[in-house]
Structures are given as structure tokens and as C-alpha cells.
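Trainee: All the letters of the sequence shown, read from the start, carry residue numbers 158 to 234 under this note's numbering.
This is the structure I want to talk about, given as C-alpha cells.
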Amino acid sequence: MNSRIKVIKGGKRGNSNGLAGTIQKTERERERETAATVKSWITQWEERKRSLTASAFALITRLDQCSQNSAQQGVLN
Numbered sequence: 158m159n160s161r162i163k164v165i166k167g168g169k170r171g172n173s174n175g176l177a178g179t180i181q182k183t184e185r186e187r188e189r190e191t192a193a194t195v196k197s198w199i200t201q202w203e204e205r206k207r208s209l210t211a212s213a214f215a216l217i218t219r220l221d222q223c224s225q226n227s228a229q230q231g232v233l234n
């Protein structure tokens, strides 16, 4: 039988061209990714804030309505 075994010595990869291990992102690409991440965090925070504000107004409106209904029932009884 003919079997092939490829020996990879410490620290080396099996890539024939050796480029895959040496490709690094440029400073500009890293800055772009960081900016995109921060922008997405801000967008999520703004959405959450809008949602909480809307929920708070809905709760206040509902509590006010319940309070008015209770006051009206108290006058009728």
C-alpha cells in the first residue's frame, strides 16, 4: 500500500502559499469594524430607549384611566 503522510513541523501550517496565516486586517479596516460595532450599539440603545419611553407612557395612561374609573365608581356608590 502507498499511503501519504504529511508532516507539519511546529508552528507551520499545511498551506502551500503561506498567505492564509499572514493576512491581517489593515488599521483602516479595524477602525471601520469598530465604528460599525459602536454604531450598532447606539442604534440598539436608541431603539430600547424609544421602546421603554412608549411603554412608560402607556403605563401612565393606563394607571390614569384606572384612577379615573375608581374615582367615578366611588362617586356613584
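By construction, the Cβ of each residue, glycine as well, lies at the ideal position given by its N, Cα and C atoms.
Helix, strand or coil: how does DSSP classify Lys196 here?
Mentor: In this structure, Lys196 counts as helix in the three-state DSSP scheme.
Trainee: How big is the Cα-Cα spacing for Leu216 and Ala192?
Mentor: So the alpha carbons of these two residues sit roughly 36 Å apart.
Trainee: For Trp202 and Ser160, what's the separation of their Cα atoms in angstroms?
Mentor: Answer to the nearest angstrom: the Cα atoms are 58 Å apart.
Trainee: In three-state terms, what does DSSP make of Thr183?
Mentor: Coil at Thr183, not helix or strand.
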